[in-house]
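The C-terminal residue of the sequence shown carries number 121 in numbering that gives the first Met the number 0, and the numbering is unbroken.
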Amino acid sequence: MQGNSLRFYLKGKLVAVCIKSDLNDGLIEIKFGEQRIVTSSYCEWVNIIKPQNVINLITLPLSKFSESQDFAPVSIACCREYLDSFELDYIKKEPNQKDPRKWKLNIIGIAYIGELKPFELD
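What follows is the structure in structure tokens.
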């Protein structure tokens, strides 16, 4: 993991991304091969409980991405700018924090079916 991103190779199906949420959640981009989703990681109930204790599941990959028969690159990262068009997952809403420079992405787990390989830097 470098900064606010995670990269690896996956042969199979990406199901979900589990993150530790807080008030600085923003828009994230998930790429799997040629497939792409931009979504908000901000949860509607992050203000209700202590923000440092919120575990959040992003499940859009399960319904939006098809399975890969060969190893395909996966990239999960904060967007670098605020976009007008993005998809919302279950109980997600527009980010409270509008400044992309303040967005954080704390990935604590990946749900997948198949096989992973590490991303190798050239």
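Even for Gly, the Cβ is constructed at its ideal location relative to N, Cα and C.
Starting from the C-beta of I54, find all residues in its chain whose C-beta is less than 8 Å away, skip the five residues before and the five after it, and write them out in chain order.
By one-based count along the sequence shown, residue 54 stands at place 55. Closer than 8 Å at the Cβ level, and outside the excluded window around I54, lie C17, I18, K19, S20, I107.
Provide the residue span of the beta strand (DSSP E) that contains P72, from first to last.
As a working note, residue 72 is residue 73 in the sequence shown. 67-77 is the extent of the beta strand (DSSP E) around P72.
Relative to the C-alpha of L82, which residue among A71, S39, S67 is closest?
If you number the sequence shown from 1, residue 82 lands on position 83. Per the Cα distances, S39.
8 Å Cβ shell around K97 - same chain, five flanking residues per side excluded:
Against the sequence shown, residue 97 aligns to sequence position 98. Here the set comprises Y81.
With DSSP as the reference, label L56 as helix, strand or coil.
The count along the sequence shown starts at 1 and reaches residue 56 at position 57. In this structure, L56 counts as strand in the three-state DSSP scheme.
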